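Working notes for the structure below.
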Amino acid sequence: MVNAYPFFAYAANSGKISLDYALFRDNDGYIDDQNGVVYKNLLDAQLDAVNSAMEALNFSDVKMVVTETGWPLVGDPNETGAGEENAAEYNGNLVRRVVTGGGTPLRPDDHLNVYLFALFNEDLKVGPTSERNYGLFYPDGRKVYDVPLSLTAVVNGSKVG
């Protein structure tokens, strides 16, 4: 199990990591110097970093489950990239990636098992503003934004945002 957050990597390194790469948009990608693999999104790169570490420890047969990933719709001024449009795009593109694609570049035949964080915003949670604002719904049950959550919704072209 792994919690993978491209948002944190992007927010801490926005001068080196493009928002397009972090949000699954079209981009030139990144070539891993260690294995020559081209990564078109930051999540796949993060997951394959875990896969590589597991292989180095002789645990290549362990299947990965992404138990948390998401993007905050609100953040503090220093939380670069937090915003409703980016959150909707990340989560929508993530769902498209999971329901239409295979695994990661290092494990292309392994289906991705991914859980979105979070269903509801947590307005009482302490910490940075972003920590309270990953939800698809507000605490009162209102929808924050639209995101396709099934293959049918993706195929039918449900809009994100």
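This note's numbering puts the first residue of the sequence shown at 9, with every later residue one more than the last.
Cβ atoms here follow ideal geometry from the backbone N, Cα and C, with glycine treated the same way.
As the structure is a computational prediction, the values presented were derived from the model and not from experiment.
CA-CA distance, Asn11 to Met62, rounds to 15 Å. In the pairwise beta carbon analysis, the stretch 94-104 is classified as touching the stretch 74-82: at least three pairs are separated by under 8 Å. By the 16-neighbour rule on beta-carbons within 10 angstroms, Leu65 is exposed. Scanning Asp28, Leu144, Phe32 and Val58 for the CA closest to the CA of Arg104 turns up Phe32. Around the CB of Gly44, fewer than 16 other CB atoms lie within 10 Å, so the residue is classed as exposed. Burial check for Pro116: the Cβ neighbour count within 10 Å stays below 16, so the residue is exposed.
Put simply, the backbone Cα of Asp84 is about 21 Å away from that of Asp28.
By the 16-neighbour rule on beta-carbons within 10 angstroms, Pro14 is buried. The beta carbons of Thr112 and Asp69 sit about 16 Å from each other, so the pair does not count as a contact at 8 Å.
Judged by DSSP in its simplified three-state form, Glu76 adopts strand.
Of the residues assessed, Asn49 falls on the buried side of the cut-off, its CB having 16 or more other CB atoms within 10 angstroms. Around the Cβ of Pro156, a 10 Å sphere holds 16 or more other Cβ atoms; the residue is buried. Straight-line measurement puts the Cα of Gln54 at about 10 Å from the Cα of Ser60. DSSP, read as helix, strand or coil, puts Phe32 in coil.
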